[in-house]
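One rule links them: number in the numbering used here = place in the sequence shown (from 1) + 79.
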Amino acid sequence: MNFLSKEIKGMDNFVVIVNHLYVKFGNFYAVSDVSFSVRCGEIFGFLGANGAGKTTTIRVLCGLIVPTSGEVIIDSEYFIKGKENRIKQKVGYMSQKFTLYDDLSIEENLDFTAALRQIPADVYSARKKQLFEFIGFNKSSDIIIADLPGGQKQEIALIASILHDPQIVFLDEPTAGVAPASRMRFWDLVKKLSQTGKTIFVTTHYMDEAEHCNRIALMRTGELIALDTPENLKKNTYQKQIYLLTPKDKNCQGVLINRAQEYFSMFEPYGRHFHAIVRDDITEEKVVGIVTDICFVKKIEPSLEDVFVKLVEEGITQ
Ligand SMILES: Nc1ncnc2c1ncn2[C@@H]1O[C@H](COP(=O)(O)OP(=O)(O)O)[C@@H](O)[C@H]1O
Ligand SMILES: [Mg+2]
């Protein structure tokens, strides 16, 4: 599917343009015919199950691997094989697993990044101060990375990735395994960064985080299957009403689960509740009438989680 915006005439407003991107490992396509564009200043969410091709796409967009075919333009710079360094200079990259040296201090890590990025000493010094202020860091920068709590480690990784002041920053699962309060703090920083005009390209498995994105791209087995705002994805993915069912007790829950297939085309557990859609071959009134005996029944709007389940995990596209 081609999600390249029709608005692209000049490229002024777009900081990432991807056109018919393919990445092949051996005989296997990790990314297949992916096209999209990202606007300057946007928080662009890149979602999909493990193995969907998110990290591979990001690696291409950071100039780290050469695409098998397709066009990639980053901040007006075309991806040209052999000239990947031009792309690398344009982007910040916080990788999925490794960004900081655990056994070095904060200061040493930033010094090292500054050296790699060839940032002049005076610029580096001012920038470091500014970025510590940005994340509200007021401890000693001699602390060893391994001794920092997970959330703070990720904040330091974030500032290391934007030390050279790139227009766009790629954050690959930056909050994986981070405590909820720290995840919220991290997202406050992401939003603050985007308000300064930076473009954020971010992957996450947390749907509450995806809600903060201006637009979301959904990947499934190497293909881009949807791209829209969170609101539109929720509005357009489901044609039918979703019901929130809360069994009245354990017994009722058992009965509901046993009969679910008979009544529902979608039936997903959410804690002690279920999100359900009535099958096409039975009327909603009839089903609601029946399950009201064993459940509290409420009409709800779909969540991003529902959208994700339908488009990515069930593999149903519309
Ligand atoms: N260097 C590589 N060589 C071979 N296969 C790879 C390589 N990198 C990734 N893959 C495969 O490509 C697919 C997509 O991986 P990845 O982009 O890491 O997905 P995601 O980030 O969405 O979890 C997976 O099946 C993965 O095993
Ligand atoms: Mg990944």
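A virtual CB, placed ideally from N, CA and C, is assigned to each residue, including glycine.
Predicted model only: the values in this text are computed from it and were never measured.
- When the beta-carbon positions are compared, K169 and I153 come within less than 8 angstroms of each other.
- Cα atoms of S155 and C119: separation of roughly 11 angstroms, rounded to the nearest angstrom.
- If you compare the alpha carbons of G368, D360, T362, L335 with that of F353, the shortest gap goes to L335.
- In terms of side-chain proximity, the C-beta atom of T134 is found nearer than 7 angstroms to a non-hydrogen atom of ligand 1.
- Beta bridge pairing from DSSP links S148 with Y101.
- Burial is judged here by how many other beta carbons sit within 10 angstroms of a residue's own beta carbon; S240 has at least 16 and is buried.
- Take K313, set aside five residues on each side of it, and the residues of its chain with a beta-carbon closer than 8 angstroms to its own are E380, P381, S382, L383, D385, V386, in chain order.
- In the DSSP assignment, Y172 falls outside any alpha helix (DSSP H) and lies within the beta strand (DSSP E) extending over 170-173.
- Here A225 has D181, D182 as same chain residues with Cβ atoms under 8 angstroms from its own Cβ, once five neighbours each way along the sequence are excluded.
- Taking C-beta separations shorter than 6 angstroms and ignoring five residues to either side along the sequence, the partners of Y203 in its chain run A193, following chain order.
- If you check the C-beta of G142 against ligand 1, you find no heavy atom less than 7 angstroms away.
- The C-alpha of T325 lies about 22 angstroms from the C-alpha of M286.
- Classified as buried, N188 has 16 or more neighbouring CB atoms from the shown chains inside 10 Å of its CB.
- Counting only the Cα atoms, L242 lies some 12 angstroms from A200.
- T282 sits away from D307, with the two beta carbons spaced by 8 angstroms or more.
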